[in-house]
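Here the sequence shown is numbered in the numbering used here, starting from 73 and rising by one per residue.
Cβ atoms here follow ideal geometry from the backbone N, Cα and C, with glycine treated the same way.
Here the structure comes first, spelled out in structure tokens, and everything after it is commentary.
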Amino acid sequence: MTDDFENIIALTDENGDEVNFEFLDLIEYNGEEFAVLLPADDDAEDADMVVILKVVDSENEDESEFVGIEDDALVQAVFEIFKERAQEDFEFVD
């Protein structure tokens, strides 16, 4: 039996609020790693949209940090890889 909260991570948003996400995948692209996350709160207005963040090493070697991506083309490229890998698990709407 799997734990429903096994893939849930909590991140702090720009307002200092804690937001829970389901970790869906880790994508390597151009030598960098990107996390594909889904808001875990079903009531969120963007609950059906994934969030893609860059994974960077933090000063504490045991942890990583998630950083927003400004480059829309990079986000789209990573999302296309995710769609290809997850096509059997999710129904994507263009």
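Item: From Ala158 to Asn102, what does the alpha carbon distance come to, in whole angstroms?; Value: 20 angstroms
Item: Around the Cβ of Leu167, are there at least 16 other Cβ atoms within 10 angstroms (buried) or fewer (exposed)?; Value: Outside the shown range of the chain (73 to 166) lies residue 167, about which nothing can therefore be said.
Item: How would you label Phe93, buried or exposed, when you count the other beta carbons within 10 angstroms and need 16 or more for buried?; Value: buried
Item: Taking the alpha helix (DSSP H) that Ala112 belongs to, which residues open and close that run?; Value: Taken as a continuous stretch (DSSP letters only), Ala112 belongs to no alpha helix (DSSP H), as it is neither H nor E.
Item: Per DSSP, what kind of secondary structure is Asp85 in: helix, strand or coil?; Value: coil
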